[in-house]
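All remarks here apply to the structure that follows.
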Amino acid sequence: MSPLTRSYFTSWAFFDHRIGKTTDTLASCLIDANDIIWMNPDQLEALKKMTESLMGIYEHKGMEDNHVRLRELVTDRESVCHVASGYRGKAGELWYVRLLPPLVPKFATYHVAFTTPYVLLGSTKKDWIDFLRRNMVGIKASSEAEALHWLLKFGPRMNYWNEFVLLAYHHQANAIYLSGIPDLKSTLPHA
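Under the numbering used here, the first residue of the sequence shown is numbered 6, with each subsequent residue one higher.
Okay, structure coming up:
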């Protein structure tokens with residue numbers, strides 16, 4: 006089985022894979038073409054939220070009722086999340102996962118961890134923050150949060166994050182485990 010799960014790869018293909026040198030994605034093209042395809046307002050709003058989503062690196066901060074509390078590295082934004090795969094994990098784990106914001110906030114205020122979590126092993130929170138800061142340096146953005154968003158959504162090149170998952174794949178149980186830091190090839194088990 007590939008460590009690139011269906012939820013991960015499909016989300017990347019629709020929401021993150023850029024067309025040529027533009028920032029257009031398949032999903033953004035569907036949104037732009039809505040005057041022709043006529044999605045209903047709820048479908049259009051859901052697609053917009055999904056398009057804005059990205060894989061992120063989060064620290065597991067424990068449980069809140071039946072939900073997992075995740076804190077994004079660098080920005081420290083916290084989100085209470087339903088994890089669609091059912092994996093609960095444990096406090097202190099680092100996760101690489103796609104979070105969707107609440108689709109209908111008046112009924113459900115939690116985010117949804119849309120992809121199977123990739124649990125990051127063998128590296129510390131500091132290692133990952135150092136990696137993120139090191140790789141945000143060359144990104145032209147108006148804020149640190151925007152640079153982080155760009156790095157995590159698009160990477161330095163088209164298949165950067167897909168390659169990381171393939172090269173860092175460790176083993177699989179209720180989640181998928183990855184070892185290493187993307188720009189430190191010697192830390193990746195399959196590099």
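We put the CB at the ideal spot given by N, CA and C, even for glycine.
Contact set for residue i: own chain, Cβ-Cβ below 6 Å, skip 5 residues either direction
i	result
residue 14	none
residue 192	185 and 186
Distance between residue j and residue i (C-alpha atoms, nearest Å)
i	j	result
residue 134	residue 50	32 Å
residue 101	residue 149	19 Å
residue 152	residue 74	24 Å
residue 190	residue 117	31 Å
residue 46	residue 98	37 Å
residue 111	residue 85	15 Å
residue 93	residue 34	35 Å
residue 122	residue 43	33 Å
residue 56	residue 63	19 Å
residue 48	residue 141	33 Å
residue 108	residue 10	23 Å
residue 87	residue 196	33 Å
residue 23	residue 157	13 Å
Buried versus exposed call for residue i [16 or more other C-beta atoms within 10 Å across all chains shown]
i	result
residue 229	Since the first and last residues shown for the chain are 6 and 196, residue 229 lies out of range.
residue 20	buried
residue 69	exposed
residue 91	exposed
residue 1	Here the chain covers residues 6 to 196 and nothing more, so residue 1 does not appear.
residue 25	exposed
residue 147	exposed
residue 166	buried
residue 28	exposed
residue 41	exposed
residue 32	buried
residue 143	exposed
residue 67	exposed
residue 129	exposed
residue 58	buried
residue 5	A question about residue 5 goes unanswered here, because the residues of the chain that appear run from 6 up to 196.
residue 114	exposed
residue 82	exposed
residue 60	buried
residue 103	buried
residue 38	exposed
Sheet register partners of residue i (DSSP bridge)
i	result
residue 18	Answer is none; residue 18 lacks a bridge partner.
residue 118	88 and 104
residue 61	102
residue 184	126
residue 189	186
Residues of its chain near residue i, where Cβ-Cβ distance is below 7 Å and the 5 sequence neighbours each way are ignored
i	result
residue 175	126, 182, 183, 184 and 194
Cβ shell of residue i (< 8 Å), same chain only, five flanking positions each side left out
i	result
residue 95	65
residue 36	49, 52, 53 and 56
Inter-residue CB distance, residue i and residue j (contact presumed, cutoff 8 Å)
i	j	result
residue 12	residue 120	4 Å
residue 79	residue 137	5 Å
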